[in-house]
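K.L.:
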Amino acid sequence: MFFLIGVVVVFGSVLGGYLPHGSMDVLIQPLELLIIG
-9 MFFLIGVVVV FGSVLGGYLP HGSMDVLIQP LELLIIG
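Residues -9 to 27, numbered by the working numbering, are exactly what the sequence shown covers, in order.
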């Protein structure tokens, strides 16, 4: 339960921080996920 709450808080913080100034393209990097996965 705490894990799910933590994930929601982290994603909310990251997305909330990028919404005012930045573009969401910076956060979406499929090549990085391919290399890590």
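All C-beta atoms in this analysis are idealised placements derived from N, C-alpha and C, irrespective of residue type, glycine included.
(1) Compute the distance between the beta-carbons of residue 8 and residue 17, then report whether it is under 8 Å.
(2) Would you kindly report the start and end of the unbroken alpha helix (DSSP H) that includes residue -1?
(3) Given residue 14, which residues of its chain have a CB within under 7 Å of its CB, disregarding the five upstream and five downstream residues?
(4) If I follow the unbroken alpha helix (DSSP H) through residue 25, where does it start and stop?
(5) Ignore the nearest five residues each way along the sequence and tell me which others in residue 4's own chain have a CB closer than 8 Å to its CB.
P.N.:
For this structure:
(1) A contact, by the Cβ cut-off of 8 Å.
(2) The continuous alpha helix (DSSP H) containing residue -1 extends over residues -8 to 8.
(3) These residues qualify, in order along the chain: 8.
(4) 20 to 26 is the extent of the alpha helix (DSSP H) around residue 25.
(5) The beta carbon of residue 4 is closer than 8 Å to those of 17 in its chain, skipping five residues each way along the sequence.
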